[in-house]
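Written below as structure tokens is the structure these notes are about.
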Amino acid sequence: MPERDLTYGEAVNAALHRLMEELPETLVYGEDVAVPGGVFGVTRGLRKQHGDRAFDTPISESAILGSAVGAAMMGRRPIVEIMWADFSLVALDQIVNQAANVRYVSGGRLSAPLTIRTQQGNAPGACAQHSQCLEALFLHVPGLRVCMPSTPQDAYDLLVTAVHGDDPVLVIENRTLYFGAKEQVQVGGPVRPMGGARTRRAGSDVTVVTWGAMTHRVLEAAEVLAGEGIDAEVLETPWLNPFDTGAVLESARRTRRLAVVHEANVTGGFGAEVVARVAGAGVPLLAPPVRIGTPDVRMPAAQTLAQALVPGADRVADELRALTGREAPR
Amino acid sequence: MPERDLTYGEAVNAALHRLMEELPETLVYGEDVAVPGGVFGVTRGLRKQHGDRAFDTPISESAILGSAVGAAMMGRRPIVEIMWADFSLVALDQIVNQAANVRYVSGGRLSAPLTIRTQQGNAPGACAQHSQCLEALFLHVPGLRVCMPSTPQDAYDLLVTAVHGDDPVLVIENRTLYFGAKEQVQVGGPVRPMGGARTRRAGSDVTVVTWGAMTHRVLEAAEVLAGEGIDAEVLETPWLNPFDTGAVLESARRTRRLAVVHEANVTGGFGAEVVARVAGAGVPLLAPPVRIGTPDVRMPAAQTLAQALVPGADRVADELRALTGREAPR
Amino acid sequence: MSERRLADLLAMWRIRAFEEKVRDLRAEGPIVGSVHLCVGQEAIPAGACDVLEPRDALFATYRGHGWALARGVPAEPLFAELMGRATGVNGGRGGSAYFTAAEHGFHGENSIVGAGAPIACGAALAGRFDGSGRAAVSVFGDGAMNQGAVHEAMNFAAAFSLPVVFVCENNRYSELTPIADMVRAPRLADRAAAYGMPGHRIDGNDAEAVRFHMRDALEVAREGGGPTLLECMTERLVGHYIGDAEAYRQPGELERIRRREPIARLREGLLADGVPAADVDAVEHRARAEMESAAAAALDAPFADPATAREHLYA
Amino acid sequence: MSERRLADLLAMWRIRAFEEKVRDLRAEGPIVGSVHLCVGQEAIPAGACDVLEPRDALFATYRGHGWALARGVPAEPLFAELMGRATGVNGGRGGSAYFTAAEHGFHGENSIVGAGAPIACGAALAGRFDGSGRAAVSVFGDGAMNQGAVHEAMNFAAAFSLPVVFVCENNRYSELTPIADMVRAPRLADRAAAYGMPGHRIDGNDAEAVRFHMRDALEVAREGGGPTLLECMTERLVGHYIGDAEAYRQPGELERIRRREPIARLREGLLADGVPAADVDAVEHRARAEMESAAAAALDAPFADPATAREHLYA
Ligand SMILES: Cc1ncc(C[n+]2csc(CCOP(=O)(O)OP(=O)(O)O)c2C)c(N)n1
Ligand SMILES: Cc1ncc(C[n+]2csc(CCOP(=O)(O)OP(=O)(O)O)c2C)c(N)n1
Ligand SMILES: [Mg+2]
Ligand SMILES: [Mg+2]
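Residue numbers (the UniProt record's numbering), protein chains in the order written: chain L, 1 to 330; chain D, 1 to 330; chain R, 1 to 315; chain Z, 1 to 315.
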């Protein structure tokens with residue numbers, strides 16, 4: 001299979017180019033995505049290569065999402081961008097009350113195979129209206145699929161899968177990852193099925209479930225802990241709906257300790273769902289499960305404040321030490 | 001304290017009348033609330049009594065909610081109605097990105113003491129766009145307060161507390177309760193503090209945490225089970241933010257069994273949060289905790305279908321029997 | 001000429017007879033929940049759908065029973081849907097406010113005010129790429145004109161010259177509140193200018209006028225000229241929903257609007273033109289008979305099967 | 001006469017000097033993250049705020065540094081805010097796109113396009129009941145005119161004759177996309193007619209013109225005449241955000257717009273009228289000196305204290 005050295009952002013771009021080529025029914029649109037190529041450059045070249053099938057829109061999220069629902073009903077596969085997940089809140093109706101209902105209410109005679117690409121999370125200096133992690137909102141909505149890639153390969157693969165899927169899918173990217181290091185990405189491979197977890201690090205002392213950009217901080221923490229003799233298993237769940245509950249249960253049964261780490265604030269976050277599934281399955285644990293996330297607060301712009309809130313590798317490591325009953329090294 | 005015989009809907013109305021009288025800075029507005037007195041008659045008489053302080057609006061949820069944020073910033077106490085919780089999704093930005101940020105981002109120098117009254121849930125024949133229980137969405141948003149009264153007394157008290165509170169509060173009512181039986185309601189009493197759980201039925205075999213209209217079905221199930229020798233403790237949490245975690249932990253420690261029942265669909269519902277808190281606190285349980293809610297599906301209009309999905313007293317009783325290890329009586 | 005008018009009369013009578021039967025079934029019990037009738041507004045779907053083609057896509061609101069019928073959805077599965085039967089057009093999943101029948105170019109009712117307008121834009125957009133020449137029709141009420149999504153949709157359609165006809169059924173009320181109190185400039189058709197598209201206020205109680213303007217708007221749309229807004233003036237003769245006490249009506253209002261309602265008006269016109277009363281009345285009888293038997297057949301059908309309630313959430 | 005124009009020049013230079021200092025601090029490191037400058041658009045806040053009163057409430061966007069300054073917020077806490085200092089106008093919680101200083105009648109920036117418009121309606125509504133005679137000003141860009149919330153706000157204000165002035169800063173771009181490609185009728189002021197309110201397209205690079213129309217709109221508003229839409233034509237001389245490559249600019253565009261930018265224009269006008277160059281240039285020096293020392297003082301302030309990060313979520 002061909003491999004290319006790509007950043008996360010470039011991998012998204014490569015996937016979009018592939019999809020536009022192999023699926024003539026795709027359309028790519030949103031604010032500034034076509035002629036300018038996207039505010040992060042992620043949709044670059046699509047307009048040039050595919051003309052009118054990539055186009056810029058007014059600042060009208062209801063029109064963007066609603067028209068995607070309508071076009072999808074009629075056989076297109078729109079891939080629309082909501083520039084920041086925070087902005088989806090001006091038009092959530094079209095996702096929840098419209099897209100998610102099409103197939104069910106029509107008894108399967110109509111469908112809405114649209115893909116919504118967005119990105120979320122805190123970045124240095126970002127304000128409270130440009131920092132939220134909103135996956136838990138979408139994960140409470142039956143009828144949607146949701147994924148959150150953290151690597152160039154997943155950025156490529158998950159998007160390909162999403163667009164080939166026949167239901168509305170949210171692909172939630174992260175702008176702090178777009179310009180990261182280049183990695184070898186297999187491009188042009190077969191469309192993978194939706195779902196599945198990734199064991200990013202095998203371990204035996206504790207199962208750490210995580211997703212999105214937080215995966216990198218968890219891996220960093222796990223490396224530090226490894227040096228202290230704590231062997232953490234890092235299980236990334238890039239697909240959150242469908243969610244691979246089985247993989248989580250299997251790992252937690254083995255390590256008998258569970259932590260869930262996400263950037264979203266803790267109360268009502270999807271970490272609660274993961275813990276509830278493990279508790280509901282009666283997995284015996286050596287210690288109470290731990291949820292690590294942003295405290296329940298708005299997001300301040302100042303870095304000194306934001307850093308005190310968004311979990312970093314240090315805090316993850318500390319909490320895992322406490323969970324495994326070890327002291328921090330002096 | 002004066003008592004009056006009131007239905008749930010009348011109790012809301014009585015609270016609104018009281019609030020308009022005792023707080024001159026209140027305004028009541030929304031679609032059809034003033035001259036028509038509300039589609040459920042709940043805001044009846046306010047226009048007549050208070051003139052322009054109660055008024056009807058265009059079908060513009062962003063304008064309703066946004067103007068409430070602005071008026072609240074300037075010292076008013078708007079009480080606005082979103083006719084169905086489902087409709088909040090056309091304007092969620094004003095609740096999440098605007099109202100919830102005002103106090104935090106201004107470091108407490110500005111506030112947004114608005115109250116959003118809405119109602120939710122399934123009712124016979126209601127379609128997928130008029131049936132959702134959305135409390136979990138709001139409960140994931142720091143900066144909001146959320147309550148869900150299930151009795152005439154709480155319908156009165158919680159609204160009074162909400163409007164006297166200095167933060168944005170969502171009061172989520174339920175239209176199937178508006179026209180229920182009249183009950184004695186103490187009116188005109190002191191403003192109660194926010195928060196607190198209610199032990200609706202004391203018991204020793206299992207703790208059942210619930211809220212909203214589901215409380216009545218849980219109590220019904222508990223009565224049936226009592227006849228079978230299963231003694232369920234029913235803990236209603238009308239305030240979901242602030243949430244009385246302590247009361248839940250105390251009860252679960254005592255009964256050593258936990259069920260959470262809500263009408264919202266299970267995945268990502270607030271039941272997950274309750275279970276995660278109990279698990280996280282390390283409360284030892286005799287059996288894995290159970291979440292009872294609507295399965296993860298859209299809501300069909302046909303009653304035969306909806307009834308197969310929304311938890312009724314029968315299903316609650318069955319699940320509690322299973323949880324306590326008893327068989328259903330033949 | 002009188003043939004077309006008799007056809008209009010039949011189209012309208014089919015809708016009215018359907019709605020009146022629904023009203024009865026709601027009173028008698030087989031239909032439960034919230035129902036919004038379009039009695040008095042029949043000329044709009046009758047006139048508009050007459051010039052729509054199978055390839056076109058229509059997006060209506062909860063007040064959309066008439067649109068479904070005019071688009072060719074048979075009455076029986078609609079009755080069945082209202083009664084939660086397995087044979088319902090949505091197998092019972094939609095209900096009164098959420099019919100869909102894409103196979104008839106009826107892309108559905110919608111019970112979120114204004115939400116259908118952007119969706120219609122998408123159907124029109126799809127037509128740009130699939131070679132169908134499809135036009136899309138978005139129907140909504142006067143009150144919906146104040147909803148953000150409708151504004152965004154109109155601008156979107158105009159900016160991209162999408163083949164959309166926006167049909168605003170101005171029945172002068174948004175639920176229980178007069179639209180006149182909720183806007184400062186009462187001619188809603190004039191809002192079209194804001195988007196650079198044509199807007200016409202037309203007689204929505206005259207199927208012929210609706211047909212004329214609809215045909216014209218469709219022609220513009222299919223030629224790449226972009227969207228049109230048609231503000232169709234009408235009145236509902238019934239409440240916003242079944243059970244509405246209609247306390248907001250002015251004294252004499254109902255009598256006044258009954259005088260200009262589309263069916264009575266067309267009937268008088270036909271009689272004045274010399275069409276025999278028997279021929280005119282036969283239309284009503286035919287429509288009523290159709291609806292009676294459709295309702296009866298629907299009543300005989302089995303309820304939606306609870307075992308299927310979780311199906312079709314995902315592909 | 002030239003005194004007022006010198007005052008306008010100072011108001012504009014204060015904004016420009018602030019923004020240029022921000023640009024430098026962003027390049028040098030003390031400011032991080034996304035920053036939207038209003039270089040080239042200074043005449044609008046300068047002219048408009050001149051006729052606002054302390055009781056009035058102003059709601060701006062992320063491109064609102066100039067509005068904060070013109071409203072009287074001192075520069076030092078604004079610089080401090082941009083650098084995450086404890087002394088920032090929001091104690092570091094707002095950042096560039098979310099300044100608030102209610103004590104100066106500056107009710108805040110907003111980084112959700114269009115969201116401030118309904119909020120401004122609420123401030124105006126409050127004035128109906130608190131006897132303040134407050135007017136509210138809602139500022140947004142050309143692109144925001146296509147956002148549903150702005151439409152709803154305009155109708156809401158018009159229907160209820162609320163004292164709101166909607167100020168649309170038409171700088172011809174929504175981020176990286178020309179507004180001309182996103183609307184069919186390019187005169188956005190004409191959209192006011194849809195709501196039954198007056199709308200004027202005015203020279204937004206002339207503080208005097210802005211002042212005139214703003215004063216007039218405020219008068220109408222305070223007399224109960226309701227809202228006005230002012231479309232202020234302008235251009236930004238810089239990118240949408242710091243770092244924008246501005247690939248969308250036409251050849252010669254920047255040169256062209258530099259010729260009509262408000263500060264150079266006013267300077268030329270003053271010189272032509274015989275005001276000594278030294279007096280004119282002294283204004284720039286004064287503004288730059290103020291901003292240099294404000295920035296230096298802000299740089300000396302402590303960072304926001306992490307121990308306070310969770311405070312003030314609830315009352
Ligand atoms: C977003 C949203 N807000 C409010 C409602 C409640 N609602 C249902 S119908 C209606 C009135 C609509 O009036 P109009 O658009 O004139 O249509 P009509 O009912 O007169 O046909 C309202 C407010 C809704 N369904 N969706
Ligand atoms: C609801 C929403 N959608 C999209 C954005 C991203 N965004 C920020 S600024 C901007 C362009 C706004 O253009 P305009 O209204 O003309 O204002 P200008 O930036 O030119 O001052 C966009 C699309 C946003 N902040 N909020
Ligand atoms: Mg109407
Ligand atoms: Mg602009």
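Backbone N, C-alpha and C fix where the C-beta goes; we use that ideal spot for every residue, glycine too.
Open item on the list: As a quick exercise: from 29(R), 42(R), 31(R), 49(R), pick the residue whose alpha carbon is nearest that of residue 218(R).
Closed with: 49(R)
Task: The beta strand (DSSP E) enclosing residue 239(D), as first and last residue numbers - done: 239-241
Open item on the list: So for residue 195(Z), helix, strand or coil by DSSP?
Closed with: helix
Task: chain D contact residues for residue 92(L), given Cβ-Cβ distances below 7 angstroms - done: 89, 92
Task: Within 8 angstroms, strictly: CB atoms of residue 102(Z) and residue 109(D) - done: The answer is yes: Cβ separation under 8 angstroms.
TODO: Take the Cβ of residue 66(D) as the centre, count every other Cβ of all protein chains shown within 10 Å, and call the residue buried at 16 or more, exposed below.
DONE: buried
Task: CA-to-CA distance, residue 297(R) to residue 304(R), given in whole angstroms - done: Taking the straight line from one Cα to the other gives about 15 angstroms.
Open item on the list: Please return the same chain residues whose Cβ sits closer than 7 angstroms to the Cβ of residue 92(R), not counting the five positions on each side in sequence.
Closed with: Cβ neighbours of residue 92(R) beyond the five flanking positions: 81, 84, 85, 86, 304.
- [ ] For the stretch 140-169 of chain R, enumerate the residues whose C-beta is nearer than 7 angstroms to any C-beta of chain L, in chain order.
- [x] Flagged, chain order: 148, 149, 152, 153, 155, 156, 159.
Open item on the list: For a test of your reading of the model: does the CB of residue 107(D) fall under 7 angstroms from any non-hydrogen atom of ligand 4? Yes or no.
Closed with: no
Open item on the list: Nearer than 7 angstroms: is that true of the beta carbon of residue 248(Z) relative to any heavy atom of ligand 2?
Closed with: In this structure, residue 248(Z) has its CB at a distance of at least 7 angstroms from all heavy atoms of ligand 2.
Open item on the list: I'd like to confirm something about residue 174(Z): is its beta-carbon nearer than 7 angstroms to some heavy atom of ligand 4, or not?
Closed with: yes
Open item on the list: What are the residues in the stretch 193-204 of chain D lying within 7 angstroms of chain Z by C-beta distance?
Closed with: none
Task: Any C-beta of chain Z under 8 angstroms from that of residue 36(D) - done: Closer than 8 angstroms: no.
- [ ] State the CB to CB distance for the pair residue 46(R) and residue 8(R), rounded to an integer number of angstroms; the pair is presumed to be in contact (CB under 8 angstroms).
- [x] 5 angstroms
- [ ] Tell whether a beta-carbon distance below 8 angstroms holds between residue 107(L) and residue 312(R).
- [x] yes
Task: Contact set between the stretch 97-124 of chain Z and chain D, restricted to residues whose Cβ is under 9 angstroms from the partner - done: 98, 100, 101, 102, 103, 107, 108, 110, 111, 112, 114, 115, 116, 117, 118, 119, 120, 121, 122, 123, 124
Open item on the list: If contact is defined by three or more beta carbon pairs under 8 angstroms, each pair taking one atom from either stretch, is the stretch 219-232 of chain Z in contact with the stretch 220-236 of chain R?
Closed with: In short, these stretches do not touch, since the Cβ pair count stays below three.
Task: Closer than 7 angstroms at the beta carbon, the chain L residues around residue 310(Z) - done: 295, 297
TODO: Select from 193(D), 83(D), 229(D), 317(D) the residue whose C-alpha is nearest the C-alpha of residue 175(D).
DONE: 83(D)
- [ ] State buried or exposed for residue 299(R), treating a residue as buried only when at least 16 other CB atoms are found within 10 Å of its CB.
- [x] exposed
TODO: Give the secondary structure of residue 31(R) by DSSP, where H, G and I count as helix, E and B as strand, and everything else as coil.
DONE: coil
- [ ] Look at residue 59(Z) and residue 150(Z) and say whether their C-beta atoms are less than 8 angstroms apart.
- [x] no
Task: Residue range of the unbroken beta strand (DSSP E) whose run includes residue 30(L) - done: Residues 26-30.
Task: residue 244(Z) CB to nearest heavy atom of ligand 2 below 7 angstroms - done: no
Open item on the list: Beta carbons nearer than 7 angstroms to chain D: which residues of the stretch 119-133 of chain L have them?
Closed with: 128, 129
Task: Selection of the stretch 141-155 of chain D by Cβ proximity to chain L, strictly under 7 angstroms - done: 142, 143
Open item on the list: I need the straight-line Cα distance from residue 165(L) to residue 41(D), nearest angstrom please.
Closed with: 46 angstroms
- [ ] Select from the stretch 69-82 of chain L all residues with a C-beta closer than 9 angstroms to any C-beta belonging to chain R, and list them in chain order.
- [x] 69, 70, 71, 72, 73, 74, 75, 76, 78
Open item on the list: Counting only Cβ-Cβ distances shorter than 8 angstroms, please list the residues of the stretch 158-174 of chain L near chain R, keeping chain order.
Closed with: 165, 166, 167
TODO: Could you tell me which of 178(R), 285(R), 120(R) sits nearest to residue 142(R), measuring between CA atoms?
DONE: 178(R)
Open item on the list: Less than 8 angstroms between CB atoms is the rule here; does residue 318(D) satisfy it with respect to chain R?
Closed with: no
Task: Under 9 angstroms (Cβ pairs) to chain R, residues found in the stretch 194-216 of chain Z - done: 194, 195, 196, 197
TODO: Report yes if the C-beta distance between residue 187(L) and residue 4(L) is below 8 angstroms; otherwise report no.
DONE: yes
Open item on the list: Rounded to the nearest angstrom, what separates residue 189(D) and residue 6(D) at their Cα positions?
Closed with: 15 angstroms
Open item on the list: What are the residues in the stretch 96-116 of chain L lying within 8 angstroms of chain D by C-beta distance?
Closed with: 96, 97, 100, 101, 104, 105
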